[in-house]
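Chains as they are written, first to last, in our numbering: chain Y, 12 to 270; chain S, 12 to 270; chain D, 12 to 270; chain E, 12 to 270.
Structure first, then comments.
4 protein chains.
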Amino acid sequence: MKSLLASAVCLGLLLAPPLGAQRSGPPAPTDAALVADMVVANHILASEGVLDGMGHVSLRHPRDPNRFLLARSMAPALVTDADILVYGMDGEPIDAKGQSSYQERFIHSEIYKARPDVQAIVHCHTPSLIPFADSSVPMRAMYHMAAFVADGVPVWDIRTMGLTDLLVKTAPLAKSLAQGLGTKSAALMRGHGAVVVATSLQNVVGRSVYLDQNARMQLQAVALGGKISYVGADEAKLRMSDPAEYSRAWDLWKRKAAK
Amino acid sequence: MKSLLASAVCLGLLLAPPLGAQRSGPPAPTDAALVADMVVANHILASEGVLDGMGHVSLRHPRDPNRFLLARSMAPALVTDADILVYGMDGEPIDAKGQSSYQERFIHSEIYKARPDVQAIVHCHTPSLIPFADSSVPMRAMYHMAAFVADGVPVWDIRTMGLTDLLVKTAPLAKSLAQGLGTKSAALMRGHGAVVVATSLQNVVGRSVYLDQNARMQLQAVALGGKISYVGADEAKLRMSDPAEYSRAWDLWKRKAAK
Amino acid sequence: MKSLLASAVCLGLLLAPPLGAQRSGPPAPTDAALVADMVVANHILASEGVLDGMGHVSLRHPRDPNRFLLARSMAPALVTDADILVYGMDGEPIDAKGQSSYQERFIHSEIYKARPDVQAIVHCHTPSLIPFADSSVPMRAMYHMAAFVADGVPVWDIRTMGLTDLLVKTAPLAKSLAQGLGTKSAALMRGHGAVVVATSLQNVVGRSVYLDQNARMQLQAVALGGKISYVGADEAKLRMSDPAEYSRAWDLWKRKAAK
Amino acid sequence: MKSLLASAVCLGLLLAPPLGAQRSGPPAPTDAALVADMVVANHILASEGVLDGMGHVSLRHPRDPNRFLLARSMAPALVTDADILVYGMDGEPIDAKGQSSYQERFIHSEIYKARPDVQAIVHCHTPSLIPFADSSVPMRAMYHMAAFVADGVPVWDIRTMGLTDLLVKTAPLAKSLAQGLGTKSAALMRGHGAVVVATSLQNVVGRSVYLDQNARMQLQAVALGGKISYVGADEAKLRMSDPAEYSRAWDLWKRKAAK
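Shown next as structure tokens:
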């Protein structure tokens with residue numbers, strides 16, 4: 012708790028004072044609450060099998076759209092409040108606190124720059140997604156819980172940027188990935204993994220969990236060998252209009268992650 | 012325990028006095044026992060992977076066939092006795108206790124109205140079932156534990172009711188689903204999930220668990236590529252004549268769910 | 012512990028005095044040790060996923076080949092020493108202690124009668140085995156840990172005995188199954204499950220665990236679509252000559268089951 | 012702790028004094044630290060599903076390249092510091108401490124002799140690998156976490172050495188396996204399992220975990236039926252140049268294994 016408060020104070024000092032224009036609507040969460048949510052999100056993503064020792068989740072700061080929260084370089088399941096750092100749009104920490112950063116942190120800064128609507132991002136190597144990332148078979152929406160898949164999940168190939176070690180370690184590589192993502196909710200990365208975006212931390216976690224589920228389901232449906240009726244774009248659009256899509260599951264996932 | 016008793020008292024007040032005609036046979040369970048069973052059923056369905064943060068299970072009240080028990084809108088694994096509400100055949104809670112209800116509660120009321128033989132209902136999005144819900148390949152019974160599958164598992168497509176957000180949020184949609192279910196023990200919902208019905212809470216839980224198992228097994232048998240000998244309708248009919256089909260597993264599932 | 016001793020005393024009274032001819036070799040285990048092993052075997056088979064709420068394991072009594080130990084009708088994971096009963100070759104308990112017996116206990120008595128070499132039997136519905144039980148594709152040995160599969164795993168179809176409810180509830184049905192098993196280590200039961208036999212409790216547990224593993228592996232190998240090189244009968248025969256095949260894993264499984 | 016110190020003292024006595032030439036670079040770990048790492052590696056490999064009751068991991072001694080550390084014959088999950096023995100290049104323990112050795116310990120000695128660059132070895136029967144070990148379909152690299160697979164994973168068939176019981180129980184058999192491995196990071200063993208090698212204990216554990224992941228992913232990609240874009244040899248080579256490939260996951264795996 013002590014380190015949570017210390018961390019929150021630290022965030023507060025680093026951030027611009029709240030903008031008056033943003034004070035309409037519900038009161039913005041405190042920095043301590045943001046940090047606590049980030050820790051829970053890290054633990055849930057590990058607990059639900061979206062992330063293993065690698066991968067990361069970030070949150071755009073609700074009072075400063077040019078900054079975002081991201082853990083220092085470490086396994087998500089082990090993240091504590093003291094490990095949450097604040098980053099700028101150059102992909103560098105405002106105060107590194109002597110810690111190392113994820114090599115691929117530019118994924119977050121470049122997507123936040125390209126997509127003002129995006130408030131939270133997951134970068135993952137979820138096992139069920141890699142087969143689709145490497146395959147010519149496109150992901151399709153299997154059910155209402157993954158309706159956003161009906162909008163299309165593009166595959167971005169880092170090879171289009173020349174020969175690399177497959178890691179998105181620079182801003183130009185990340186910018187290319189952001190272009191590959193376009194206006195979509197998720198993109199697959201050939202030979203690597205995926206990025207998932209949403210308008211809240213809860214929804215980006217929910218989308219990541221159900222993107223995994225959808226991939227497993229589609230694989231099984233294909234293996235059955237029959238004709239498959241995927242969710243239509245029109246149905247999916249109606250379904251996605253509900254802003255609290257995954258909120259009911261959050262408390263459950265949180266309890267499971269704490270076990 | 013206090014809230015269990017309070018909840019039971021509340022149920023008692025809401026229900027009509029026991030009908031004399033129903034007093035033959037074993038004594039009816041008390042309301043406290045019904046609530047306790049409902050909580051266990053919710054936890055088992057979560058623990059066995061039939062439900063995740065979504066989905067629900069209901070029980071027709073044994074002393075008032077026009078009412079049923081269902082949790083308020085929340086993740087099944089977290090349900091406690093205080094969360095069990097009583098609903099009428101209009102799909103609305105008798106006393107909402109200030110809580111929100113599942114959007115898809117009409118699934119329960121409409122099936123109870125259409126099927127006087129049904130005493131308990133599960134609505135689920137079990138991952139193994141969605142591939143069959145979206146596929147032209149019909150479910151077939153793989154073994155005696157899922158003998159009811161031999162009777163056929165129809166697929167209901169909400170699209171036949173026009174464009175929707177895939178949720179069964181109204182009585183007319185639920186009535187159409189009940190018609191799709193017909194006289195069967197289970198129906199798949201295209202792009203969504205399934206409903207499972209039975210004559211008791213233990214059996215609807217058992218059928219849901221083994222419908223999941225059967226789906227996984229059929230998928231693997233299909234993948235093997237040989238000729239498959241499914242359970243015959245005649246064998247299945249004999250097997251289903253045993254009313255205590257899944258009772259032996261209940262204590263095991265209950266213990267696992269409590270861990 | 013008290014019930015363990017009571018149970019052991021009970022077993023002792025029910026069994027014939029040790030035969031002098033069997034006193035060569037290591038000292039025979041006490042009845043208390045046999046009961047303890049049976050409890051552990053039940054728990055391991057549940058913990059390793061071979062059995063769920065159904066299925067059973069038996070052990071021929073080392074000092075009376077016409078009797079065998081088997082739990083009363085209950086979920087294997089919940090078995091305690093007080094639940095272990097002694098059965099005769101008619102498939103009936105010597106002393107039922109007021110408890111009900113598994114309906115399919117005749118599987119054990121008939122196989123023990125037909126196969127003097129068999130000392131322990133598992134009857135299971137392991138999910139990975141049902142696809143092979145229903146398929147025309149035969150099981151083949153994938154690796155040395157399941158070398159016994161190379162000897163062949165026949166499929167027995169209860170339909171050859173006329174129309175049934177798929178349960179082996181009578182001695183004649185069980186005798187037919189024993190004939191289907193023949194001299195093999197395991198047989199699949201169409202629309203139902205499998206039986207596995209061995210010369211010791213440890214080995215029948217080990218074979219059951221690795222039969223499950225082998226089934227999963229073969230399914231995956233088939234799905235890969237290439238040419239598969241199965242373990243040859245000659246290699247398997249050499250491998251199976253080691254009597255302590257699965258003993259190293261026993262302590263590990265026991266610890267996992269106790270968690 | 013007492014036995015850890017005792018074990019360390021024992022190792023120290025058995026090893027040649029540190030060579031002066033090796034004293035440049037970071038200080039070599041103490042024997043107690045080596046033993047502790049070996050115990051953790053055993054537990055992680057069991058916890059992550061690479062090893063079950065069988066299989067083993069070894070570490071070449073950093074101060075005596077002609078000796079290596081390996082547990083006595085037992086299930087990896089149960090290994091404690093007192094169970095770590097020191098072996099010579101003849102595959103025999105320097106001091107057996109009255110314990111039995113793994114039958115297949117020669118796998119380690121022969122690979123260490125053939126591959127001076129190798130510092131750690133895993134021999135496993137990981138379920139996902141056996142389908143590839145028996146199949147004509149070669150393993151291919153699915154993503155950056157398993158980049159080493161792009162270098163090729165040869166299949167070694169013990170049948171080329173004549174009829175055996177499938178176990179690598181002699182130095183000549185192990186020498187043949189080492190030749191099959193050649194200069195690669197991993198080799199599959201037909202009808203048996205795999206060997207994985209690396210320049211450190213952390214990396215051999217990491218490679219074993221991600222070889223398993225890669226096998227599962229490739230199987231799923233093949234099942235999808237589309238065209239698959241595997242990781243290229245050029246990309247993989249760049250990726251493998253990072254010596255701390257799997258270090259971030261170590262602490263996570265260690266914590267999970269300790270649960």
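Backbone N, C-alpha and C define an ideal beta-carbon position, used for all residues, glycine too.
Computed from a predicted model, the values in this text were never measured in an experiment.
- [ ] Could you name the residues of chain Y that Ser147 (chain S) contacts, counting a contact when the two beta carbons are closer than 7 Å?
- [x] Gly237, Lys238
TODO: Return yes when the Cβ of Arg250 (chain Y) is within less than 9 Å of the Cβ of His155 (chain Y), no when it is not.
DONE: Their beta carbons are under 9 Å apart, which means His155 (chain Y) touches Arg250 (chain Y) by this criterion.
Open item on the list: Can you look up Arg170 (chain E) in the DSSP assignment and give me helix, strand or coil?
Closed with: helix
Task: Where Pro104 (chain D) sits in the DSSP three-state scheme - done: In this structure, Pro104 (chain D) counts as strand in the three-state DSSP scheme.
- [ ] For Gln213 (chain S), go through chain D and note every residue whose CB falls closer than 9 Å to its CB, in chain order.
- [x] Result: empty, since nearest Cβ-Cβ is about 11 Å, beyond 9 Å.
Task: Backbone secondary structure at Arg34 (chain Y) - three-state DSSP - done: Any answer about Arg34 (chain Y) is weak, because its pLDDT of 41 lies below 50 and its placement is not dependable; what the coordinates show is given next. Arg34 (chain Y): helix per DSSP, three-state reduction.
TODO: Using DSSP bridges, identify the partner residues of Ile95 (chain D).
DONE: D:Ala82
Task: chain S contact for Ser139 (chain D) (CB, 9 Å cutoff) - done: yes
Task: Per DSSP, the bridge partner or partners of Arg71 (chain Y) - done: Y:Phe79
TODO: Determine whether the Cβ of Thr181 (chain S) lies closer than 9 Å to any Cβ atom of chain Y.
DONE: no
Open item on the list: Could you check whether the Cβ of Met85 (chain Y) sits closer than 9 Å to any Cβ belonging to chain E?
Closed with: Yes, Met85 (chain Y) counts as interfacial toward chain E.
Open item on the list: Please report the straight-line C-alpha distance between Leu140 (chain D) and Ile122 (chain Y), rounded to a whole angstrom.
Closed with: 47 Å
Open item on the list: Restricting to Cα atoms, I'd like to know which of Y:Ser69, Y:Ala144, Y:Met65, Y:Asp63 is closest to Ala47 (chain Y).
Closed with: Y:Ser69
- [ ] List the residues of chain Y whose Cβ lies closer than 7 Å to the Cβ of Pro142 (chain S), in chain order.
- [x] Met228, Gln231, Ala232, Leu235
Task: Through-space distance from Ala86 (chain D) to Met172 (chain E), alpha-carbon basis - done: 47 Å
Task: Test: Gly191 (chain S) CB closer than 9 Å to a CB of chain Y - done: no
Task: Member of D:Gly243, D:Asp168, D:Glu115 whose CA lies at the smallest distance from the CA of Thr175 (chain E) - done: D:Gly243
Task: Under the three-state DSSP convention, the category Ser146 (chain D) falls into - done: Here Ser146 (chain D) sits in strand by DSSP.
Task: Spatial neighbours of Ala198 (chain D) in its chain, beta-carbon cut-off 6 Å, leaving aside the 5 residues before and after - done: Pro165, Trp167, Gly191, Leu192, Val206
Task: Short-range partners of chain Y found in the region 192 to 212 of chain S, where Cβ spacing is below 8 Å - done: Within the region 192 to 212 of chain S, the residues whose Cβ lies closer than 8 Å to some Cβ of chain Y are Arg201, Gly202, His203, Gly204, listed in chain order.
Open item on the list: According to DSSP, Gly204 (chain Y) sits in a beta bridge with which residue or residues?
Closed with: Y:Met200
TODO: State the DSSP-derived secondary structure class of His119 (chain E), mapped to helix, strand or coil.
DONE: helix
Task: Interface residues of chain D facing Met153 (chain S) [CB-CB closer than 8 Å] - done: Ile141, Pro142, Asp145, Gly202
Task: For Phe79 (chain D), the nearest candidate out of D:Asp101, D:Ala232, D:Ser147 (CA to CA) - done: Ranking D:Asp101, D:Ala232, D:Ser147 by CA distance to the CA of Phe79 (chain D) puts D:Asp101 first.
- [ ] Could you tell me whether the Cβ of Arg116 (chain S) comes closer than 9 Å to any Cβ of chain A?
- [x] In the displayed structure, chain A is absent; the protein chains listed are Y, S, D and E.
Open item on the list: For a test of the three-state rule: what should DSSP assign to Val242 (chain Y), helix, strand or coil?
Closed with: coil
Task: Reference Met65 (chain E), options E:Ala82, E:Pro76, E:Asn77, E:His72, closest by Cα - done: Nearest of E:Ala82, E:Pro76, E:Asn77, E:His72 to Met65 (chain E), Cα basis: E:Ala82.
Open item on the list: Going by DSSP, what residue range makes up the beta strand (DSSP E) through Val133 (chain Y)?
Closed with: 131 to 135
Open item on the list: If we define contact as Cβ-Cβ less than 9 Å, is Glu246 (chain E) a contact residue for chain Y?
Closed with: yes
Open item on the list: I need the straight-line Cα distance from Ala255 (chain Y) to Arg218 (chain Y), nearest angstrom please.
Closed with: 12 Å
- [ ] Output yes if chain S places a C-beta closer than 9 Å to the C-beta of Gln110 (chain Y); else output no.
- [x] Not flagged as an interface residue toward chain S: Gln110 (chain Y), since no C-beta distance is shorter than 9 Å.
Open item on the list: What are the residues in the region 58 to 74 of chain Y lying within 8 Å of chain E by C-beta distance?
Closed with: From the region 58 to 74 of chain Y, only Asp63, Gly64, Met65 have a Cβ closer than 8 Å to chain E.
Open item on the list: Distance cutoff 9 Å, beta carbons only. Does Arg126 (chain D) sit that close to anything in chain E?
Closed with: Judged by the 9 Å Cβ criterion, Arg126 (chain D) is not in contact with chain E.
Open item on the list: Let me check one thing: in DSSP terms, what residues is Pro209 (chain Y) bridge-paired to?
Closed with: The sequence shown places Ala at residue 209 (chain Y), not Pro. Partner residues in the beta bridge of Ala209 (chain Y), as assigned by DSSP, are Y:Ala131.
Open item on the list: If I follow the unbroken alpha helix (DSSP H) through Met49 (chain E), where does it start and stop?
Closed with: 42 to 58
Open item on the list: Quick check on this structure: which residue in Y:Val133, Y:Ser120, Y:Ser146, Y:His203 has the alpha carbon closest to the alpha carbon of Asn77 (chain Y)?
Closed with: The shortest C-alpha to C-alpha distance from Asn77 (chain Y) to any of Y:Val133, Y:Ser120, Y:Ser146, Y:His203 is the one to Y:Ser120.
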